[in-house]
Amino acid sequence: MYEVLMYDGGVHKVEELFDLIEDIGGFVLQKTQVQVMIIITMAIPAEDRPLVERKTAELGGKIIEVPLAGTEIAVIGPTLGRHHMPHPICDIAEHLRRYGAITIVMGLARGRGRKTCQISAEEKAIIEEYDAAIFMLGNFKECVTHEKIDLYKDIQIPVVTVIGPEVDSLPHCEALVCGVGRKVERMRRSEEIAKLEEIADRVKEVIDVRRMEIEEDPLFVHPSEIKDILDEMDAVQECLRPAPVVLHVDGLRVKIPYKEHLKEMEELEVYGRKLKDIAVISDCRLGDSTIIKIRTKAEVEGEIKI
Amino acid sequence: MEGTEQYALESYQWLLERILMDMGMSNMVERVKLTIRPDQTLFIISIKVKHSSGKRPVYDIAEIKSQEGGTFIEIKDESYAPRFLATLWRLYGRDRVQQLTRLEIFVEGVSAEELSTLKLDPEEETRSQLLDAIWRLLPEGLKVRHEFYDDNIMTIVATEHVMTVDFIEEAKKMHQYMRGEVEE
């Protein structure tokens, strides 16, 4: 099983770390160099972690745990109304990034109100492209417990609900965090930061469960292995969007247009098989991107036998 | 504060305090009454601002001296400075109004007597600031609104679907209570 870690240190002799990652069969997911300092996010086989730790100590750097690396999480509010800024969903999204997640912030078109709040099928489909969703539902208990829970009722990915009032539990969600309602300023007090930590912990738990489910019927290849191959594509190298290839728990998002590059992606070779045989490639709802869902080992091998 | 959910009341009180502080209006507000009933989708807020003295004559806030070619004004109450300057610009044009320093203005070709008759109205600005604060506070989904206002009190009742006579009546009572006309 791959483990995602972050190296934070100097550039001196960092090639040795790159060589080691390659030797043990790991992947560099992202590297950001600022003058003489470099941050490397890598996926390595879990059993080889001591080797990487030893090399990191040798280079004078440090290893940072990024439990949410390799995930893309949607943080959703019923509205992104300008007069509600600064919005706590921005703080939540920012905090999750510290744990390695790629996050997006989303406001529903008609999510505000009590009886009038709605979510469209299109919005649900967009949300389901992510690994997990955080719904932030406001300050009114009556409104949350009776109406707002319907917003995420049919969503097929894990949902973490964040609300202001204290309630014991809510239906249809995998985790619940109470005590974060509407704000008109950044969350920077110690108790607010503790709440952000609590939200990150709940998300970590939810993602861990999702990863364990995948482990029971493992993917044919780890998403980072496909990322390595996709990174070689000219279209990906020319892509100017930040993080052109984003890892998901069970696949990837590639920020190149689906229609133009489908053929090329289908023909990519992964361990002797074509990408189209080991993954489902589909258009992204947000446009100009492609979603790749990797099939499980059982699915791929079962198909070959037939 | 009155309502069915303690958390909602406390959080909205805190939100209002922060919004007023952000807008620099904390010291203008004398009293606030808030009713929140999420089960009925009802939100009523009434804000009373400290007595604003109505229109203030210019000689109250500035010293006016006749000079050759015009009038020299030295503003004493700086909270009126931007409004006063804007009024002068509007009346006499930017060419004739020179702002010498932050609180000193020279107006060309206008007599001191004429300027002394001017009056400044702070009401409009206070009202629009107050509306802005309430707009920031109101839950976004409550689009059906009705308001009562007079010189220094503004009451807004908001709901989601249909504004009932009872809601309006309740808001009216709250408004009258803030004016001291009825007992709670």
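Each protein sequence line maps, in turn, to chains L and H.
Quick note: to get this note's numbering, add 286 to the position in the first sequence (first position is 1).
Take the second sequence: its letter number 124 is residue 111 in this note's numbering, and every next letter is one higher.
Think of the CB as a built atom: it goes at the ideal place given N, C-alpha and C, for glycine as much as any other residue.
Values in this document were obtained by computation on a predicted structure and should not be read as measured data.
In angstroms with no decimal places, state the Cα-to-Cα distance between residue i and residue j.
i              : j              : result
residue 50(H)  : residue 57(H)  : 14 Å
residue 397(L) : residue 423(L) : 9 Å
residue 592(L) : residue 564(L) : The predicted model places residue 592(L) with a pLDDT of 47, which falls under 50 and marks its position as unreliable; any figure quoted below should be read in that light. Answer to the nearest angstrom: the Cα atoms are 15 Å apart.
residue 464(L) : residue 135(H) : 36 Å
residue 173(H) : residue 405(L) : As shown, chain H starts at -12 and ends at 171. That puts residue 173(H) outside it, with no answer to give.
residue 366(L) : residue 129(H) : 15 Å
residue 496(L) : residue 418(L) : 9 Å
residue 576(L) : residue 545(L) : 9 Å
residue 101(H) : residue 13(H)  : 36 Å
residue 459(L) : residue 416(L) : 15 Å
residue 407(L) : residue 395(L) : 12 Å
residue 433(L) : residue 456(L) : 12 Å
residue 401(L) : residue 352(L) : 40 Å
residue 567(L) : residue 548(L) : 8 Å
Measuring alpha carbon to alpha carbon, tell me which residue in the options is nearest residue i.
i              : options                        : result
residue 445(L) : 452(L), 455(L), 421(L), 309(L) : 421(L)
residue 362(L) : 509(L), 412(L), 344(L), 331(L) : 412(L)
residue 484(L) : 448(L), 467(L), 458(L), 511(L) : 448(L)
residue 343(L) : 498(L), 294(L), 554(L)         : 294(L)
residue 552(L) : 573(L), 482(L), 572(L), 579(L) : 579(L)
residue -1(H)  : 425(L), 524(L), 326(L), 431(L) : 425(L)
residue 473(L) : 336(L), 537(L), 373(L)         : 373(L)
residue 345(L) : 539(L), 376(L), 304(L), 375(L) : 304(L)
residue 467(L) : 569(L), 517(L), 376(L)         : 376(L)
residue 585(L) : 325(L), 500(L), 384(L)         : 500(L)
Under a CB-based cut-off of 8 Å, is residue i close to chain L?
i              : result
residue 153(H) : no
residue -5(H)  : yes
residue 2(H)   : yes
residue 11(H)  : no
residue 132(H) : no
residue 197(H) : Since the first residue shown for chain H is -12 and the last is 171, residue 197(H) is missing from the structure and cannot be characterised.
residue -2(H)  : yes
residue 25(H)  : yes
residue 76(H)  : no
residue -8(H)  : yes
residue 162(H) : no
residue -11(H) : no
residue 128(H) : yes
Taking only beta-carbon positions, decide if residue i is within less than 8 Å of chain H.
i              : result
residue 374(L) : no
residue 400(L) : yes
residue 447(L) : no
residue 467(L) : yes
residue 508(L) : no
residue 428(L) : yes
residue 363(L) : no
residue 570(L) : no
residue 393(L) : no
residue 504(L) : no
residue 471(L) : yes
residue 547(L) : no
residue 403(L) : yes
My guess is that residue i and residue j are in contact by the Cβ rule of under 8 Å, so how many angstroms apart are they, rounded?
i              : j              : result
residue 532(L) : residue 358(L) : 5 Å
residue 63(H)  : residue 165(H) : Incorrect: roughly 32 Å between the Cβ atoms, too far for contact.
residue 2(H)   : residue 23(H)  : Going by Cβ atoms, the distance from residue 2(H) to residue 23(H) rounds to 11 Å, so no, they are not a contact pair.
residue 341(L) : residue 306(L) : 5 Å
residue 670(L) : residue 288(L) : Residue 670(L) lies beyond the range of chain L shown here (287 to 592); nothing can be said about it.
residue 37(H)  : residue 17(H)  : 5 Å
residue 45(H)  : residue 107(H) : 7 Å
residue 570(L) : residue 527(L) : Not quite, the Cβ-Cβ distance comes to about 12 Å (not below 8 Å), so this is no contact.
residue 315(L) : residue 513(L) : 7 Å
At a threshold of 7 Å, does residue i count as lining the ligand PLP (C-beta to nearest heavy atom)?
i             : result
residue 47(H) : In terms of ligand content, the structure shown is empty, and the ligand PLP therefore cannot be addressed.
*Just list the alpha helix (DSSP H) runs in the segment 548 to 589 of chain L, keeping only unbroken ones of 4 residues or longer that don't cross its boundaries, in chain order.*
561 to 564
_To test your reading of the DSSP string, which unbroken alpha helix (DSSP H) runs of 4 or more residues are found completely within the segment 58 to 82 of chain H?_
68 to 79
*At 4 residues or longer, and completely inside the segment 389 to 472 of chain L: list those alpha helix (DSSP H) runs for me, N to C.*
407 to 413, 427 to 432
*Can you list, in chain order, the stretches of the beta strand (DSSP E) that have 3 or more residues and sit fully within the segment 479 to 543 of chain L?*
531 to 533, 537 to 540
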